[in-house]
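Report on the following structure.
There are 2 protein chains.
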Amino acid sequence: MKIGVFDSGIGGLTVVKSMLEHKLFEEIIYYGDTARVPYGTKDKNTIIRYGIEAIEFFKNFELDLIIVACNTVSAYALEEMRESAQCPVIGVVEAGILACKNSLEDKDSNILILGTKATIKSKAYEIGLCDLGYTNLDAKATGLFVPLVEEDIFSGELIDASFRHYFSDIKNSPNALILGCTHFPLIEDELQKYFGQDTKLIHSGEAIVEHLQKQFNFTKKHPKTILKFFASENPEALKSVAHNWLNLK
Amino acid sequence: MKIGVFDSGIGGLTVVKSMLEHKLFEEIIYYGDTARVPYGTKDKNTIIRYGIEAIEFFKNFELDLIIVACNTVSAYALEEMRESAQCPVIGVVEAGILACKNSLEDKDSNILILGTKATIKSKAYEIGLCDLGYTNLDAKATGLFVPLVEEDIFSGELIDASFRHYFSDIKNSPNALILGCTHFPLIEDELQKYFGQDTKLIHSGEAIVEHLQKQFNFTKKHPKTILKFFASENPEALKSVAHNWLNLK
């Protein structure tokens, strides 16, 4: 299978990492809209427009599937992207919701959703989780985690202060914590420490792999995935981050 | 005079505020590229392209002058914007450099430049200050101040932690601190407290007013400036911030 992975920037590489670990695909075309990143502070209409433009970009390739690795785009633009696309389009939000279904039997489980301002405003996770019967939901826009991670700050005083800033009113650790932005897995160790080992972390990359494995019959493992990286500005910088994060040679 | 003010987003409103306080202009057309903000993490070529596109936007109006209120654009794209424009184009970086000249007689003055990653990388302030004979210069990319301010965080634990993160290696307070990003005046009280009252803060808005007053012969005050706001996404949100920051009715 030859697939496209779309993200607003570099965050979606955490999703590619999970895909490579599970050796699912023959070829992955990654496209990051680095010239207009971030999307998480932008408007619904802008996000939809950028999502459709990404589908146009992918029309240069004959793809079997497009993965929207960005939670914000998945939350707002999936329907419009599907209408424009010539292949199936799957987003990380629906995958994250299904991951909750698969790992939380108790419908009274306390689920805390983290995301960008736009993702949280969309209520996309809440709507999907409510439909599955979960009602004990809380959501926090933790937008500062994105620039912190982009400044290579993964632990320490600033991360601790940001946790107190966002989580001071949370009395009990949730049963599950949805990392509803592809940047957040990069501080998952600190989040796990803060909320404790009993909180299950839902990671977009792992969720999408689980979702795809249920949807498609992967009979063959691909130990050597062909990877191609494209970006709307400075593809070299994206490639350099990809080489580091994905341990490529 | 009818002028255009360009910024990557809302930050340039701090420059408009200074202009209104000094009642310099008959009409101000503000354009914020909110659909692609922030520029401070982006590349030279992208910033130049966006700058030229802003000049194209302003061609819809008959302007006497264009002010580039964004330090990052001023640092990279001024020359290219001037080539495309039909009126003079003035940037906040050159104004900030001249403000140093006017307020720091001693060429051994210790000047600390703060800015976005892109502005600091350009060395635009250092080059200009060196040309004027200042050699005791230090520069810090303090990019996190932008999302902190955009999250309405102007003081407290996170601001303090970010100061320690960026400034822990600075032993002596500088004689002057250049607020080389239009977001930074919003935390100027905290910066002044951190560095002490002896540090002179150079503010892009005040610097550009001082620069314009030297360049142009303003014989008439305009107590009622006509203000028009445009944005590449959600102009209503920009107008709402403008009404708050500028105390408009």
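Going down the list, the sequences are from chains W and G. So for the first sequence, my numbering puts the first residue at 4; every next one is plus one. So for the second sequence, my numbering puts the first residue at 4; every next one is plus one. Note that CB positions come from ideal geometry on N, CA and C, so glycine has one too. Quantities reported herein were computed from a predicted structural model and do not represent experimental measurements.
Which residues bound the beta strand (DSSP E) around residue i?
| i | result |
| --- | --- |
| residue 96 of chain W | Segment 95 to 106 is the alpha helix (DSSP H) holding residue 96 of chain W; no beta strand (DSSP E) there. |
| residue 30 of chain G | 30 to 35 |
| residue 205 of chain W | 203 to 206 |
| residue 70 of chain G | 68 to 71 |
| residue 179 of chain W | 179 to 183 |
Where does residue i sit, in a helix, a strand or coil, going by DSSP?
| i | result |
| --- | --- |
| residue 225 of chain G | coil |
| residue 151 of chain G | helix |
| residue 219 of chain W | coil |
| residue 143 of chain G | strand |
| residue 120 of chain G | helix |
| residue 38 of chain G | coil |
| residue 136 of chain G | coil |
| residue 23 of chain G | helix |
| residue 3 of chain W | Outside the modelled stretch of chain W, which goes from 4 to 252, sits residue 3 of chain W, for which no answer is possible. |
| residue 5 of chain G | strand |
| residue 174 of chain W | coil |
| residue 16 of chain W | helix |
| residue 109 of chain W | coil |
| residue 156 of chain W | coil |
| residue 230 of chain G | strand |
| residue 161 of chain W | helix |
Taking a contact to mean a Cβ-Cβ separation below 8 angstroms, would you say residue i touches residue j in this structure?
| i | j | result |
| --- | --- | --- |
| residue 139 of chain W | residue 114 of chain W | yes |
| residue 229 of chain W | residue 30 of chain W | yes |
| residue 131 of chain W | residue 97 of chain W | yes |
| residue 2 of chain W | residue 202 of chain W | With chain W covering 4 to 252 only, the question about residue 2 of chain W has no answer from this structure. |
| residue 154 of chain W | residue 46 of chain G | no |
| residue 32 of chain G | residue 7 of chain G | yes |
| residue 249 of chain G | residue 19 of chain G | yes |
| residue 84 of chain W | residue 35 of chain W | no |
| residue 69 of chain W | residue 121 of chain W | no |
| residue 116 of chain G | residue 108 of chain G | no |
| residue 27 of chain W | residue 225 of chain W | yes |
| residue 95 of chain W | residue 210 of chain W | yes |
| residue 191 of chain W | residue 168 of chain W | no |
| residue 77 of chain W | residue 58 of chain W | no |
| residue 37 of chain W | residue 208 of chain W | no |
| residue 199 of chain W | residue 99 of chain W | no |
| residue 9 of chain G | residue 72 of chain G | yes |
| residue 92 of chain G | residue 81 of chain G | yes |
| residue 150 of chain G | residue 238 of chain W | no |
| residue 22 of chain W | residue 67 of chain W | no |
| residue 157 of chain G | residue 189 of chain G | yes |
| residue 242 of chain W | residue 232 of chain W | yes |
| residue 178 of chain G | residue 112 of chain G | yes |
What first and last residue would you give for the alpha helix (DSSP H) that runs through residue i?
| i | result |
| --- | --- |
| residue 50 of chain G | 47 to 61 |
| residue 81 of chain W | 81 to 87 |
| residue 194 of chain G | 191 to 198 |
Please find out if some non-hydrogen atom of the ligand MN comes closer than 7 angstroms to the beta-carbon of residue i.
| i | result |
| --- | --- |
| residue 24 of chain W | In the structure on display, the ligand MN does not appear, and there are no ligands present to speak of. |
May I ask you to list, following chain order, the residues of the segment 144 to 157 of chain W that have a beta carbon less than 8 angstroms from some beta carbon of chain G?
-> 146, 147, 149, 150, 151, 153, 154 and 156
Taking only beta carbons into account, state which residues of the segment 32 to 61 of chain W come closer than 9 angstroms to chain G, listed in chain order.
-> 37, 38, 39, 40, 41, 44, 45, 46, 48, 49, 52 and 53
With 9 angstroms as the C-beta to C-beta threshold (strictly closer), list the residues of the segment 221 to 248 of chain G near chain W in chain order.
-> 235, 236, 237 and 240
Along the segment 166 to 190 of chain G, what residues have a CB closer than 9 angstroms to any CB found in chain W?
-> 167 and 168
Could you run through the segment 122 to 137 of chain G and flag, in chain order, every residue whose CB is less than 7 angstroms away from some CB of chain W?
-> none
Between the segment 94 to 107 of chain G and chain W, which residues of the former have a C-beta closer than 7 angstroms to a C-beta of the latter?
-> none
Closer than 8 angstroms, Cβ to Cβ, to anything on chain G: give me those residues from the segment 20 to 32 of chain W, in chain order.
-> none
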